[in-house]
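So the protein lines, in turn, are chains A and B. Mapping of the first sequence onto full-length UniProt numbering: position 14 corresponds to residue 14, and the numbering continues sequentially without gaps. Mapping of the second sequence onto full-length UniProt numbering: position 51 corresponds to residue 51, and the numbering continues sequentially without gaps. Glycine residues also receive a C-beta, built at the ideal position from the N, C-alpha and C atoms. Source: prediction; values computed, not measured.
There are 2 protein chains.
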Amino acid sequence: MSKLTIVANIKAKADKVDLVKAELLKLIEVTRAETGCISYDLHQDNANPAHFMFYENWQSRELWQIHMNNQHLADYVAATEGAVVEFTLNEMTIID
Amino acid sequence: MSKLTIVANIKAKADKVDLVKAELLKLIEVTRAETGCISYDLHQDNANPAHFMFYENWQSRELWQIHMNNQHLADYVAATEGAVVEFTLNEMTIID
């Protein structure tokens with residue numbers, strides 16, 4: 001199994017930045033404890049505080065997919081319904 | 001001085017992927033040796049091989065700006081002239 005890098009970009013509605021940030025922060029400890037999680041770091045754009053980004057490294061795509069189906073991500077989606085204007089996710093490979 | 005995360009997205013022309021990749025790879029060793037460089041990792045999108053991404057961490061914005069003005073980046077820009085269709089750069093802060 002080869003490693004997987006995930007880049008997840010989340011853009012919050014202007015008046016929902018604090019809500020989205022709080023919900024994203026809740027994901028970190030529980031996700032870092034998941035099988036296969038190498039790193040899971042949340043960032044905020046210096047020029048646009050509504051733009052958050054998770055940079056994640058996983059032992060394999062299979063283990064990342066288990067994470068994606070976990071309850072805490074479902075809870076995040078429910079808690080931020082209507083508060084996120086854009087979400088993109090890229091699966092990548094470190095080439096050096 | 002606070003740390004800085006850089007996310008640089010580079011999209012190559014379809015027929016210039018190998019050229020751009022080769023030029024990006026040349027940047028890695030010299031950049032990692034620069035003062036202030038904590039990490040400098042090149043990725044390729046699994047769904048779009050023309051999409052490259054550097055995930056970078058720097059000790060400070062000042063030291064990153066010295067990097068941005070270095071000769072090897074100027075050489076990269078010259079070597080890939082006309083071969084890159086899109087370039088975006090985000091300055092970010094790790095919040096957890």
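Excluding the five sequence neighbours on either side, which residues of its own chain have a C-beta within less than 6 Å of the C-beta of residue i, listed in chain order?
i	result
B:R61	L4
A:F87	I10
A:V85	K11, K13
A:V30	H72
residue 173 of chain B	With chain B running from 1 to 96 in the structure shown, residue 173 of chain B is simply not present.
residue 97 of chain B	In the structure as shown, chain B begins at 1 and stops at 96. Residue 97 of chain B is therefore absent and cannot be evaluated.
A:N48	none
Would you please state the rounded distance, in angstroms, between the beta carbons of residue i and residue j? I believe it to be under 8 Å.
i	j	result
A:L25	A:A83	Not a contact, Cβ separation roughly 14 Å.
A:I38	A:N57	4 Å
A:F54	A:Y40	7 Å
Closer than 9 Å by beta-carbon distance: list the chain A residues that pair up with residue i, in chain order.
i	result
B:T93	H43, Q44, D45, N46
B:I28	D96
Which chain B residues are close to residue i, counting only those with a beta carbon under 9 Å from its beta carbon?
i	result
A:L63	What A:L63 touches in chain B: nothing, since even the nearest Cβ is about 16 Å away.
Chain A partners of residue i, CB-CB under 7 Å?
i	result
B:Y55	Y55
Ordered along the chain, which non-local residues of its own chain (more than five positions away) have a Cβ less than 8 Å from that of residue i?
i	result
B:L89	I6, V7, A8, N9
A:F52	N9, I10, K11, A12, V20, K21, L24, L42, H43, Q44, D45
B:L73	L27, H67
By the criterion of Cβ-Cβ separation under 7 Å, what are the contact partners of residue i in chain B?
i	result
A:L19	Simply none; closest approach about 15 Å.
Counting only the same chain and skipping the five closest in sequence on each side, list residues whose C-beta sits under 7 Å from that of residue i.
i	result
B:K16	A83
B:T35	L63
B:M92	T5, V7
B:A50	K11, A12, A14, V17
To which residues does DSSP link residue i through a beta bridge?
i	result
B:K11	B:H51, B:E86
A:N70	Partner(s): none; A:N70 has no beta bridge.
B:N57	B:T5, B:S39
A:D45	B:M92
Are the C-beta atoms of residue i and some chain E residue less than 8 Å apart?
i	result
A:N46	Although the question refers to chain E, the structure presented lacks it and instead comprises the protein chains A and B.
Measuring from the CB of residue i, is there a heavy atom of the ligand ATP at a distance below 7 Å?
i	result
A:N48	In the structure on display, the ligand ATP does not appear, and there are no ligands present to speak of.
Notebook entry, point to check: Listed in chain order, which residues of the stretch 5–16 of chain A have Cβ atoms closer than 7 Å to some Cβ of chain B?
Noted result: Listed by position along the chain: T5, V7.
Next item on the list: Identify each residue in the stretch 70–90 of chain B for which the Cβ-Cβ distance to at least one residue of chain A is less than 8 Å, and report them in chain order.
Entry: N90
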